[in-house]
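These notes concern the structure reproduced below.
There are 2 protein chains.
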Amino acid sequence: MREIPRPQFDQSLRSHNAKRVSIIDAAANVFCREGFGGANIDLIAAEAGVSRQTVYNHHGDKENLLSAVVSEITERCNARSFAVLGTFPDHPGDLEADLVAFAVRLNKNCLCDRDGKFLRKLIQTEGERNPQLFASWRNEGPGKIWSALAARFARLAFSGHLEIDDPDAAARQFLALINADLQLPMLLGEPLGEDQLKASATSAVRTFLRAFGRRVAASSSDAPAIPA
Amino acid sequence: MREIPRPQFDQSLRSHNAKRVSIIDAAANVFCREGFGGANIDLIAAEAGVSRQTVYNHHGDKENLLSAVVSEITERCNARSFAVLGTFPDHPGDLEADLVAFAVRLNKNCLCDRDGKFLRKLIQTEGERNPQLFASWRNEGPGKIWSALAARFARLAFSGHLEIDDPDAAARQFLALINADLQLPMLLGEPLGEDQLKASATSAVRTFLRAFGRRVAASSSDAPAIPA
DNA sequence: AAAAAATTAGACACACTTGTCTAATTCGTC
DNA sequence: GACGAATTAGACAAGTGTGTCTAATTTTTT
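Protein sequence lines correspond, in order, to chains A and B.
For the first sequence, my numbering begins at 1 and goes up steadily by one.
For the second sequence, my numbering begins at 1001 and goes up steadily by one.
Dropping the structure here:
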C-alpha cells in the first residue's frame, strides 16, 4: 500500500535493511507468542528497537507484516533444509550412526529450531484463515523436501543398504519417527537438550532400520553390508 | 469470581447445563479459529445462541472461560481415549488387521477429531503463556495413555506376538507412525477422509510390524503366528 | 396464579489498538 | 556545514472489545 523509499548507497541500505530484518525477527517472535490477533504493533516495534512509524514505513499494515514474516521465515527454513539434505549419507560408512547424525542435524536445524517452530505454530493458527499465505511454503517446503528425501532413501535401497517398497512413505515415516519423542516437549515449548535430540534420533533410527534395514543378521544392531 | 446460582430441580438444571455446554462448545470453536487474543465474547455468545451476559454469568471473565473450555475438552478427550484403549487387540486374530482397525479408531476418535485438534492447537498457542492450564491434561492425558498403550504392547510381546525391547518407545513410535501421513492435512485444517485414515493406518502398521513383528517369515505381509 | 430465578437487550465507561499525521531529530552524503 | 532521506516521539481519530449495570422479559418452581 505504501512506497518504501530506496536509499541510493550501500552504507545506508545496510542500516535500512538491518532494521527491516530486525523488525521481521521481532514480529516473528511476537506473532509466535501472542498469535496474530493478540499481537500488538507497539510491542513489535519496541522489541525491534524501532519506532512504530518505522514498522509501518517498512511493511505497511499488520496483515502485510505477517506476509513478510512468513515469506522470510519460509525462505530461511527451506534454505536450511536443503543444506541439511545435502549432508544425507549417500555412501554410508556406518549406516546407523550416519542416519542418527543426519536426523539430529535435521531436527536441530529445520524442525525444532526457532523458525521451524514458528512456522508450524503459525500455520496451525492462521492456516485455515489464510491458506494462500502458506501456499508457497507448502509447494516449496514439505513438497520438495519430502520427495528429495524419498529420492535419497530410494538410492540407498538401490545400492542395497535398505529394503524399501515405497520411498515416499518411508521418508514420511522417517520424519515422523525422528520427531516421536520430541513432539510433547515441543508442544509445551520446552527447550530441547542436545542429549534429548540424540536419544530421540537413536531410538528412531534403530526402529527405522529394524523396518527397512537389510535382513542379514537377525537382531543385533551391527552395520550390515557393502563396504564401498 | 462470581457465584453460579444452583437451581434446585432437574428440569431447570438441564436447561441451565445445556446452555453451559453450548457456551463451552461455541467458545472452543472460536478460541480454536481465532486464538485467545483474537477471540471475541460477543461472537462466542452469538454462536452459542445466548446473550453475552449469560456467558459472564456462567463463566466469569474470558480467562476463566478458557479454563473451563480446556477442562471440559480435556476430560472428554481422555474419556474417549481410554474407551478406545479398551478396544486394543489383546488377543489378536489377524494382528495386522486388528492393529490397523485400532489405529483408525484412535485417530478418528482421539487424535484427529475436533477435540483433539482443538487441544493440540490450544496447547501450542497458549501452552507457553499458561503452563498450569494444561498441567492436568499432561498428567491425566498423554502420560497415562502412553503408558497404558505401552503396557498393551508389552503384553503382546510377552505373548509372543511382537518383539519389543522398550515398550514405551514402541508406543510413542506407534503413535508417531499412525500420524505420519495425517500431520500435513491436519496442520492445514483439511478434512480427513475415511480412506485416508485407513491408508495411513495400514502403511503405519505395516512398518510397525516390519520393525517389531516376529521374525518368522521373511518379507511378505502374512500374519505370523500363534493362533490362540 | 404468584414468586423466584434465569435470561435478554441495550447502554455504558474504560481501556486498548490500529493506522495516520506532524514536527523535531538523527543519520549519511555532498 | 548544508542538504535530503530516514527515523523518532507524540498526538490523534476511529474503531473495537471487555466487563458491568439496569430494566424488561422469559422460564421454572411453589
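Glycine included, C-beta positions come from ideal geometry on N, C-alpha and C.
Query raised in the report: Are the beta-carbon atoms of Gly1127 (chain B) and Leu188 (chain A) separated by less than 8 Å?
Result: yes
Query raised in the report: If you compare alpha carbons, which of A:Gly193, A:Glu190, A:Leu192 and A:Gln173 is closest to Val205 (chain A)?
Result: A:Gln173
Report task. Use the C-beta contact count for Thr1202 (chain B): other C-beta atoms within 10 angstroms, 16 or more gives buried, fewer gives exposed. Result -> buried
Query raised in the report: In chain A, which residues lie with their C-beta within 7 Å of the C-beta of Thr1207 (chain B)?
Result: Gln173 and Ala211
Query raised in the report: So which residues on chain A does Ser1203 (chain B) lean against when the C-beta distance must stay under 8 Å?
Result: Asp166, Ala169 and Gln173
Query raised in the report: Which same chain residues, not among the five before or five after Gly93 (chain A), have their C-beta less than 6 Å away from its C-beta?
Result: none
Query raised in the report: When DSSP labels each residue in this structure, what does Leu162 (chain A) get in the three-state scheme?
Result: strand
**Report entry** Under 8 Å (Cβ pairs) to chain A, residues found in the region 1114 to 1138 of chain B
**Finding:** Arg1120, Lys1121, Ile1123, Gln1124, Thr1125, Gly1127, Glu1128, Arg1129, Pro1131, Phe1134 and Arg1138
Report task. Would you mind stating whether Ala27 (chain A) and Ala1176 (chain B) have Cβ atoms separated by less than 8 Å? Result -> no
Query - Any chain B beta carbon closer than 8 Å to Asn179 (chain A) - result: yes
Query raised in the report: Are His58 (chain A) and Arg33 (chain A) closer than 8 Å when you measure CB to CB?
Result: no
Query - Cβ contact (3+ pairs, closer than 8 Å) linking the region 1071 to 1088 of chain B and the region 1108 to 1125 of chain B - result: yes
Query raised in the report: Beta-carbon of Ser1015 (chain B) versus every beta-carbon of chain A: anything under 8 Å?
Result: no
Report task. Use the C-beta contact count for Phe31 (chain A): other C-beta atoms within 10 angstroms, 16 or more gives buried, fewer gives exposed. Result -> buried
Query raised in the report: Where Asp1115 (chain B) and Asn1029 (chain B) are concerned, what is the direct C-alpha to C-alpha distance, given to the nearest angstrom?
Result: 10 Å
Requested in this report: Just tell me which of A:Ile24, A:Val84 and A:Gly35 has its CA closest to the CA of Arg129 (chain A).
Outcome: A:Gly35
Requested in this report: Could you please give me the residues that DSSP links to Gly1086 (chain B) through a beta bridge?
Outcome: The partner list for Gly1086 (chain B) (beta bridge, DSSP) is empty, contrary to what the question assumes.
Requested in this report: Quick one: which residues of the region 1184 to 1201 of chain B get their C-beta closer than 8 Å to a C-beta of chain A? List them in chain order.
Outcome: Leu1184, Leu1187, Leu1188 and Gly1189
Query raised in the report: Leu209 (chain A): which of A:Asp113, A:Ser136 and A:Leu156 sits nearest, CA to CA?
Result: A:Leu156
Query raised in the report: With distances taken from CA atoms, which of B:Ala1068, B:Lys1062 and B:Asp1025 is nearest Gly1049 (chain B)?
Result: B:Asp1025
Query raised in the report: Which of the residues in the region 1036 to 1047 of chain B, read from start to end, lie with their CB under 7 Å from any CB of chain A?
Result: Phe1036, Gly1037 and Gly1038
Requested in this report: Compute the Euclidean distance between the alpha carbons of Val104 (chain A) and Ser1136 (chain B), then round it to the nearest angstrom.
Outcome: 31 Å
Requested in this report: Quick one: residues in its chain with C-beta nearer than 6 Å to the C-beta of Leu1106 (chain B), no 5 flanking neighbours on either side, listed in chain order?
Outcome: Val1084
Query raised in the report: Of the residues A:Phe158, A:Phe153, A:Ile41 and A:Ile123, which one's Cα is nearest the Cα of Gly141 (chain A)?
Result: A:Ile123
Query raised in the report: Gly37 (chain A) by DSSP, collapsed to three states: which one?
Result: helix
Requested in this report: Can you have a look at Ala1039 (chain B) and say buried or exposed, based on whether 16 or more other CB atoms are within 10 angstroms of its CB?
Outcome: buried
Query raised in the report: What number of angstroms, rounded off, separates the C-alpha of Asp1165 (chain B) from the C-alpha of Arg1214 (chain B)?
Result: 13 Å
**Report entry** Whole-number beta carbon distance between Ser1147 (chain B) and Asp1168 (chain B), since they are thought to touch under 8 Å
**Finding:** 7 Å
Query raised in the report: With 16 other CB atoms within 10 Å as the buried threshold, where does Ala79 (chain A) fall?
Result: exposed
Query raised in the report: With DSSP run on the structure shown, which of helix, strand or coil describes Phe1141 (chain B)?
Result: This sequence places Gly at residue 1141 (chain B); Phe is not what is there. In the structure shown, Gly1141 (chain B) sits in a helix (DSSP, three-state: H, G or I).
Query raised in the report: How big is the Cα-Cα spacing for Arg152 (chain A) and Ala101 (chain A)?
Result: 15 Å
Report task. On the DSSP bridge assignment, give the partners of Gly1189 (chain B) in chain order. Result -> According to DSSP, Gly1189 (chain B) bridges with nothing at all.
Requested in this report: Would you kindly work out how many angstroms separate the C-alpha atoms of Asn64 (chain A) and Val55 (chain A), rounded to a whole number?
Outcome: 11 Å
Report task. Mind listing the chain B neighbours of Pro142 (chain A)? Cutoff is C-beta to C-beta under 8 Å, in chain order. Result -> Leu1184
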